[in-house]
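Accompanying notes for the structure given below.
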Amino acid sequence: MTHKAGFVNIIGNPNVGKSTLMNAFVGEKLSIITSKAQTTRHRILGIVNGDDYQIMFSDTPGIIKPAYEMQASMMDFVKSAFEDADVLIYMVEIGEKELKDEAFFNKIQNSKVPVMLLINKIDTSNQQEIEEKLAYWEEKVPKANVYLISALENFNIEPVFDKIKELLPESPAFYPKDQLTDKPERFFVNEAIREKILLNYKKEIPYAVEIETEEFFEDDTIIRIRSIIMVERETQKGIIIGHKGAALKKVGMEARKDLEIFFDKKVFLELYVKVNKNWRSNDRQLKRFGYKD
């Protein structure tokens, strides 16, 4: 039997549904999802296995013009997605017309690997707009395989998946067939906590936060986790904790529930808040948190 395997990398503007799409393909919540821009900070791999194929889906940060060092590192993850792709998924939402970075768009138009252009969120539109956008993108990226989808509603995902399998190169598997991702367990703990901060706090707070899991102990019946929420300023620490610790308690409770579903086991989660000044612009700290090699 011929075996196919390859890297399918998903790129696009912020909030077009890249994480929702990858989770739909993988069947697990690997990427956190919120309505806020820059929810995805890292490049996250989700592995889908069949008897005769292995697909490494890669979710990437939304394309932006970097304002500080951490955002520049996030865009480096996007650049790397162009370099090792066997199939490139360029994802747009029904209302948008262009990529925020012209150089990235030129790379898509001149890609040497197959490009799949997915027009997402068609469930929020009407037939006339859908037809107009389909014609627009077919003209803009003429070499691409264009599909109309709704990642949230799981509409047209199966035909896209079948086309990806068709486009994959022949290759042995890159990872063990029972492996779901390339990220360690602590990464998903950090992301679950960060998602709840994105959902529960406003303005700059979620973007000034990084999570570090210091302890992760698992036995037969429970996982015990101790995580630190890093902020850049003392005032942010007070906001994260909230009056009598209520805000921090809410984040911990919501994250624990998600982690119990993810790990299928009871979780005990301890959260602490520390100030780590200007970590987003500090090379040493960015290496520590996995944004730089």
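The UniProt record's numbering applies: residue 1 is where the sequence shown begins, and numbers increase by one. Ideal Cβ positions, reconstructed from N, Cα and C, are used throughout, including at glycine.
Return the CA-CA distance between M1 and I63, expressed in angstroms with no decimal places.
39 Å
Would you kindly report the start and end of the unbroken alpha helix (DSSP H) that includes L259?
A246 to F263
According to DSSP, is A5 helix, strand or coil?
strand
Write down every uninterrupted run of the beta strand (DSSP E) in the region 20-97 whose length is 3 residues or greater and which is fully enclosed by it, in chain order.
44-50, 53-59 and 87-93
Please list the terminal residues of the continuous beta strand (DSSP E) segment that includes K266.
K266 to V275
Can you say whether I149 is buried or exposed, counting buried as having 16 or more other CB atoms within 10 angstroms of its CB?
buried
Check for me: the beta strand (DSSP E) holding R280 runs from which residue to which?
Unbroken run through R280: none, as it is neither H nor E.
Whole-angstrom distance between A246 and E232, CA atom to CA atom:
21 Å
Proximity below 9 Å, CB of I239 to CB of E210:
no
Measuring straight from C-alpha to C-alpha, what distance separates I55 and I10?
12 Å
Selected residue, minimal CA-CA separation from T20, among F57, A85, K257 and D162:
F57
Report yes if the C-beta distance between L167 and M116 is below 9 Å; otherwise report no.
yes
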